[in-house]
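> Sending over a structure as structure tokens; questions will come in a sec.
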Amino acid sequence: MDVGHEIIREQLFFRRELRERVHWFIKLRWGAACAGLLGLLAARLGGLTLSYGPPLAVVLFVAAYNAAFLMVGRRLESVRPATARPFEVFAHTQISLDLLSLFLLIHLTGGLASPLLVFVMFHVVLAGILLSPLSCYTYAILVILALGALIGLHLTGGVPSWDPRFSGPLFFFRPRFPEIVLPYLFFAAGVLIAAYLTTSIKVTLRFKGRDLMRVSRELEVSNAKLTSLYQMIREIGTHATPGRLMNSAVRNTALIMGVKACSIKLLDDDEKTLRFASTYGLSQDYLSKGAVRIDQSAINRRILEGSLYAIGHIDEKSYFQYPEDIRKEGIASMLCLPLRAEDKTLGVLCVYSGEPQFFTEADAEFFSLMTGLVALAMERLNREVAKTWFLNKAAHQLRSPVNAVVSMIQVLNRGYLGEMTGEQRETVDRCEKRLSIMRQVIDDLLKLAEQREVAPPPFYPVDLAEILDGLAGLYRSRAEGKGLALHFDIGANLPRVLATERLMDDLFANLISNAIKYTPRGGRIDVSLADDGDGRLRFEVSDTGIGIPEKDLPRLFSEFFRTEEAKAMEEAGTGLGLVIVRQTLDRLGGEVQVDSRPGQGSRFTCLIPAAPAPG
Numbered sequence: 000m001d002v003g004h005e006i007i008r009e010q011l012f013f014r015r016e017l018r019e020r021v022h023w024f025i026k027l028r029w030g031a032a033c034a035g036l037l038g039l040l041a042a043r044l045g046g047l048t049l050s051y052g053p054p055l056a057v058v059l060f061v062a063a064y065n066a067a068f069l070m071v072g073r074r075l076e077s078v079r080p081a082t083a084r085p086f087e088v089f090a091h092t093q094i095s096l097d098l099l100s101l102f103l104l105i106h107l108t109g110g111l112a113s114p115l116l117v118f119v120m121f122h123v124v125l126a127g128i129l130l131s132p133l134s135c136y137t138y139a140i141l142v143i144l145a146l147g148a149l150i151g152l153h154l155t156g157g158v159p160s161w162d163p164r165f166s167g168p169l170f171f172f173r174p175r176f177p178e179i180v181l182p183y184l185f186f187a188a189g190v191l192i193a194a195y196l197t198t199s200i201k202v203t204l205r206f207k208g209r210d211l212m213r214v215s216r217e218l219e220v221s222n223a224k225l226t227s228l229y230q231m232i233r234e235i236g237t238h239a240t241p242g243r244l245m246n247s248a249v250r251n252t253a254l255i256m257g258v259k260a261c262s263i264k265l266l267d268d269d270e271k272t273l274r275f276a277s278t279y280g281l282s283q284d285y286l287s288k289g290a291v292r293i294d295q296s297a298i299n300r301r302i303l304e305g306s307l308y309a310i311g312h313i314d315e316k317s318y319f320q321y322p323e324d325i326r327k328e329g330i331a332s333m334l335c336l337p338l339r340a341e342d343k344t345l346g347v348l349c350v351y352s353g354e355p356q357f358f359t360e361a362d363a364e365f366f367s368l369m370t371g372l373v374a375l376a377m378e379r380l381n382r383e384v385a386k387t388w389f390l391n392k393a394a395h396q397l398r399s400p401v402n403a404v405v406s407m408i409q410v411l412n413r414g415y416l417g418e419m420t421g422e423q424r425e426t427v428d429r430c431e432k433r434l435s436i437m438r439q440v441i442d443d444l445l446k447l448a449e450q451r452e453v454a455p456p457p458f459y460p461v462d463l464a465e466i467l468d469g470l471a472g473l474y475r476s477r478a479e480g481k482g483l484a485l486h487f488d489i490g491a492n493l494p495r496v497l498a499t500e501r502l503m504d505d506l507f508a509n510l511i512s513n514a515i516k517y518t519p520r521g522g523r524i525d526v527s528l529a530d531d532g533d534g535r536l537r538f539e540v541s542d543t544g545i546g547i548p549e550k551d552l553p554r555l556f557s558e559f560f561r562t563e564e565a566k567a568m569e570e571a572g573t574g575l576g577l578v579i580v581r582q583t584l585d586r587l588g589g590e591v592q593v594d595s596r597p598g599q600g601s602r603f604t605c606l607i608p609a610a611p612a613p614g
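Just so you know, the sequence shown maps onto residues 0 to 614 in numbering that gives the first Met the number 0.
Take a look at the structure:
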């Protein structure tokens, strides 16, 4: 983080503290003025013989300049000076006038025997709180000198002599030399000790404040990094190809770590070389060297063995296969970790900085977390790609023989090979039903594989209302055949959605057919499509069917999963329909919500982002 920025931020923090204390000082002075008036009133009621005019004038003077200070303070608050200097001058002015007024009151209420003499300590303490230690000690010395001058005036007769009516514990000797020296020295020592304690405590608190700000900055940085890491994992989780995933990972890693470059090097099948699979911020000249032989690169060899490796300064040639190219690239320090998932090493993730000794221990720990998450995402995608290939291959291999068997059964059913007995027809019908389920499984597998295609077809604006309206007639007749009431509520003038007709047709069909399948005769199904606001469309299917147990909701969108209640009610089913729904919405950037109660029914709500308005 920029040092200059942090210094300015620290200054702003302590300037705010000074500003708040200055305003607090003004409020405190109102209390002091009121206390002065009450004190004079109490003295008058107590029958104390005193000339009340001069002290009252001083108290009113304090109230008057405090009103002026209040206006100046509000002005400073509205102007918001760029530095703390105006507030410091403001504080000096207040303390100086307060001390002047206080010494006038001390003189008017008994001089050295005045009960107000102890209050000079408070201004020394306030100076220590509001201002620098030097200012605090300066005011302490001025108070001591002013008190010494007052003693001198008493001794020389320059002011009226000491009045015994104000005899108190502070100066209980008559102001004669040398008796007055010892109390004066004790009082001076007390003032200096107060200044020392106040400034010491303030300095300690100031250091604590700096430590608190440092911890606060570290927490802010950590929070920002974790937020960025979360967004990075969400982004790389949306990519369907390893190349796009790695490109997203290196770009986000470099930005989050605040470095000039990042790279992912993957192990070849022979595990003897590392090849750059994705880079960010590295020049083509640097990458043109090609693969890195592990036996010629000590650093990569040690990384692949499983240890984090950080180099604060690129100066040891034996670590690198091409050390001169690293210096030419402007790399001064680097941090590398193996990409490992389930004890399998995929390659190496490195970040590069142009500054020596750039990476801290905290950076290394955070980078270790990032590396682990990237490796898991890569391994997950590799498995998804392998699964997609297998599903596609298996479905295509199964489709031809199943279609052939279906054709043969149709030949039997139509009597081309002769009439069948009742028992034979029942057996053939059961076979046809099983084959129908198998064909549905194959179709769903192909749809699932299509969802995971490396290069899916491009999206374009489609009219969901038109698609849903086209399906309404088909599903109404199916529902009526089962004795169900099916109602459609399709909004008008709905915004379009970036998708394909086939994708949305599959989404609608899966949810509506499930509702028909798992709602008993006499039930009701409601299908609605409306503008949800906030740039989204709401597609909702609710039924009065068998419902879904709460324990099964977390697994509802897992492949091939069906609840026991669903299996008991309907034998046919693949457990892939809701998987297709979830993956469709993931591709569209939408979401699906489920609300269900066993025996009462279910409600599936799909929130689908609308296409941006043209222009």
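Built from N, CA and C at the ideal position, the CB exists for glycine as well. Keep in mind that this is a model prediction, so the values were computed, not measured.
If we ignore side chains and look at the alpha-carbon of each, how far apart do residue 349 and residue 228 end up?
The count along the sequence shown starts at 1 and reaches residue 349 at position 350. The count along the sequence shown starts at 1 and reaches residue 228 at position 229. C-alpha separation (whole angstroms): 16 Å.
> Taking all protein chains shown into account, decide if residue 170 is buried (16 or more other Cβ within 10 angstroms of its Cβ) or exposed.
Working through the sequence shown from its first residue, we reach residue 170 at position 171. Summary for residue 170: the model assigns pLDDT 48, below 50, so the residue's position carries little reliability; its value from the coordinates is reported in the next sentence. Residue 170 is buried by the Cβ-count criterion.
> Assess contact between the segment 423-441 and the segment 461-474, defined as three or more Cβ pairs (one per stretch) separated by less than 8 Å. Is contact present?
Contact between the segment 423-441 and the segment 461-474 is absent, because fewer than three Cβ pairs lie under 8 Å.
> Less than 7 Å between C-beta atoms, sequence neighbours within five positions excluded: which residues of the same chain meet that for residue 7?
Mapped onto the sequence shown, residue 7 falls at position 8. Bear in mind that a pLDDT of 39 at residue 7, under 50, signals an unreliable position, so the number given afterwards is only what the model happens to contain. Once the five neighbours on either side are set aside, residue 7 has no close Cβ partner at all.
> Is it the case that the segment 340-354 contacts the segment 202-211, given that we only count it when at least three CB pairs across the two stretches are under 8 Å?
No contact exists between the segment 202-211 and the segment 340-354.
> Could you give the distance in angstroms between the alpha-carbon of residue 122 and the alpha-carbon of residue 99?
For the purposes of this step, residue 122 is taken as the residue at position 123 of the sequence shown. For the purposes of this step, residue 99 is taken as the residue at position 100 of the sequence shown. So the two alpha carbons sit approximately 11 Å from each other.
> Between the C-alpha atoms of residue 560 and residue 327, what's the straight-line distance to the nearest angstrom?
As a working note, residue 560 is residue 561 in the sequence shown. As a working note, residue 327 is residue 328 in the sequence shown. The straight-line gap from Cα to Cα measures roughly 56 Å.
> Would you kindly check if the distance between the Cβ of residue 509 and the Cβ of residue 577 is under 8 Å?
What you label residue 577 is simply residue 578 of the sequence shown in a count that begins at 1. What you label residue 509 is simply residue 510 of the sequence shown in a count that begins at 1. Yes, these two residues count as a Cβ contact at 8 Å.
> So, at 7 Å on beta carbons, what are the nonlocal neighbours of residue 366 in its own chain, with the 5 sequence-adjacent residues on each side left out?
On the sequence shown, position 367 is the one that residue 366 refers to. 256, 334, 336 and 350, listed in sequence order.
> Within 10 angstroms of its Cβ, does residue 97 collect 16 or more other Cβ (buried), or is it exposed?
As a position in the sequence shown, residue 97 is number 98, starting the count at 1. By the 10 Å Cβ count, residue 97 comes out buried.
> What number of angstroms, rounded off, separates the C-alpha of residue 151 from the C-alpha of residue 188?
Taking the sequence shown and counting its residues from 1, one reaches residue 151 at position 152. Taking the sequence shown and counting its residues from 1, one reaches residue 188 at position 189. If you take the alpha carbons of residue 151 and residue 188, they lie about 19 Å apart.
> Where in the segment 441-519 do unbroken runs of the alpha helix (DSSP H), each at least 4 residues long, occur, reported from the N-terminal end onward?
Counting whole runs of 4 or more residues, the segment 441-519 contains the alpha helix (DSSP H) stretches 463-480 and 500-516.
> Nearest to residue 146 by CA position, among 132, 124 and 110, is which residue?
One-based indexing of the sequence shown puts residue 146 at position 147. Among 132, 124 and 110, the Cα nearest to that of residue 146 belongs to 110.
> Start and end of the beta strand (DSSP E) containing residue 594?
What you label residue 594 is simply residue 595 of the sequence shown in a count that begins at 1. That run of the beta strand (DSSP E) goes 590-596.
> Which residues in the same chain have their Cβ closer than 7 Å to the Cβ of residue 68, if we skip the five residues on either side of it in sequence?
Residue mapping note: residue 68 aligns to position 69 of the sequence shown, counting from 1. Cβ neighbours of residue 68 beyond the five flanking positions: 25 and 93.
> Whole angstroms is fine: what's the gap from residue 427's alpha carbon to residue 409's?
Here the question's residue 427 lines up with position 428 in the sequence shown. Here the question's residue 409 lines up with position 410 in the sequence shown. One C-alpha to the other measures close to 9 Å.
> Drop a sphere of 10 angstroms on the beta-carbon of residue 184, count the other beta-carbons inside from all chains shown, and report buried for 16 or more, exposed for fewer.
For this step, residue 184 is matched to residue 185 along the sequence shown. Label assigned to residue 184: exposed.
> Suppose contacts are defined by Cβ-Cβ distances below 8 Å. Is residue 433 in contact with residue 483 by that definition?
Numbered from its first residue, the sequence shown carries residue 433 at position 434. Numbered from its first residue, the sequence shown carries residue 483 at position 484. Not closer than 8 Å, so no.
> Look at the Cβ atom of residue 466, then the Cβ atom of residue 425, and state whether they are nearer than 8 Å.
Counting from one through the sequence shown, the residue named residue 466 turns up at place 467. Counting from one through the sequence shown, the residue named residue 425 turns up at place 426. For residue 466 and residue 425, no; Cβs fall outside 8 Å.
> In whole angstroms, give me the CA-to-CA distance for residue 132 and residue 278.
Start at 1 with the first residue of the sequence shown, and residue 132 comes out as number 133. Start at 1 with the first residue of the sequence shown, and residue 278 comes out as number 279. Rounded to whole angstroms, residue 132 to residue 278 spans 55 Å at the Cα level.
> Just list the beta strand (DSSP E) runs in the segment 324-389, keeping only unbroken ones of 3 residues or longer that don't cross its boundaries, in chain order.
Runs of the beta strand (DSSP E) inside the segment 324-389: 332-340 and 343-352.
> Which same chain residues end up closer than 7 Å to residue 625 when comparing Cβ atoms and leaving out the 5 residues on each side of it in sequence?
Outside the shown range of the chain (0 to 614) lies residue 625, about which nothing can therefore be said.
> Please return the same chain residues whose Cβ sits closer than 8 Å to the Cβ of residue 202, not counting the five positions on each side in sequence.
By 1-based counting over the sequence shown, the position of residue 202 is 203. Correct list, in chain order: 132.
> Among the residues of its own chain, which have a CB less than 8 Å from the CB of residue 101, if the five just before and after it don't count?
As a first step, residue 101 is located in the sequence shown; it is residue number 102 there, counting from the start. Here the set comprises 115, 118, 119 and 122.
> May I have the straight-line CA-CA distance separating residue 404 from residue 414, to the nearest angstrom?
Taking the first residue of the sequence shown as position 1, residue 404 is located at position 405. Taking the first residue of the sequence shown as position 1, residue 414 is located at position 415. Cα to Cα, the separation comes out at about 16 Å.
> Just the C-alpha distance for residue 275 and residue 375, rounded to the nearest angstrom, thanks.
Indexing the sequence shown from 1 puts residue 275 at position 276. Indexing the sequence shown from 1 puts residue 375 at position 376. If you take the alpha carbons of residue 275 and residue 375, they lie about 19 Å apart.
> Can you find a C-beta in chain D that's less than 8 Å from the C-beta of residue 562?
In the structure shown, chain D does not exist; there is a single protein chain.
> Can you give the beta carbon distance from residue 197 to residue 135, rounded, assuming they're within the 8 Å contact cut?
Translated into positions along the sequence shown, residue 197 becomes position 198. Translated into positions along the sequence shown, residue 135 becomes position 136. Yes, they are in contact, since the Cβ atoms of residue 197 and residue 135 sit about 6 Å apart, within 8 Å.
> Measuring only the C-alpha atoms, how far is residue 155 from residue 181?
Counting from 1 along the sequence shown, the entry for residue 155 is found at position 156. Counting from 1 along the sequence shown, the entry for residue 181 is found at position 182. If I take the Cα positions, the gap works out to 19 Å.
> Output the boundary residues of the beta strand (DSSP E) element that contains residue 260.
Working through the sequence shown from its first residue, we reach residue 260 at position 261. 260-266 is the span of the beta strand (DSSP E), which, as asked, contains residue 260.
> Tell me the DSSP secondary structure of residue 527 in three-state form.
Here residue 527 is taken as the residue at index 528 of the sequence shown, counted from 1. Three-state DSSP puts residue 527 in a strand.
> Among residues of its own chain, excluding the 5 on either side of residue 373, which ones have a beta-carbon nearer than 7 Å to its beta-carbon?
On the sequence shown, position 374 is the one that residue 373 refers to. Contacts found: 248, 338 and 348.
> Of all the options 129, 23, 104 and 73, which has the alpha carbon lying nearest to the alpha carbon of residue 61?
On the sequence shown, position 62 is the one that residue 61 refers to. Residue 61 has its Cα closest to that of 104, out of 129, 23, 104 and 73.
> According to the Cβ coordinates, are residue 241 and residue 369 closer than 8 Å?
Position 242 of the sequence shown, counted from the start, is the residue given in the question as residue 241. Position 370 of the sequence shown, counted from the start, is the residue given in the question as residue 369. Not closer than 8 Å, so no.
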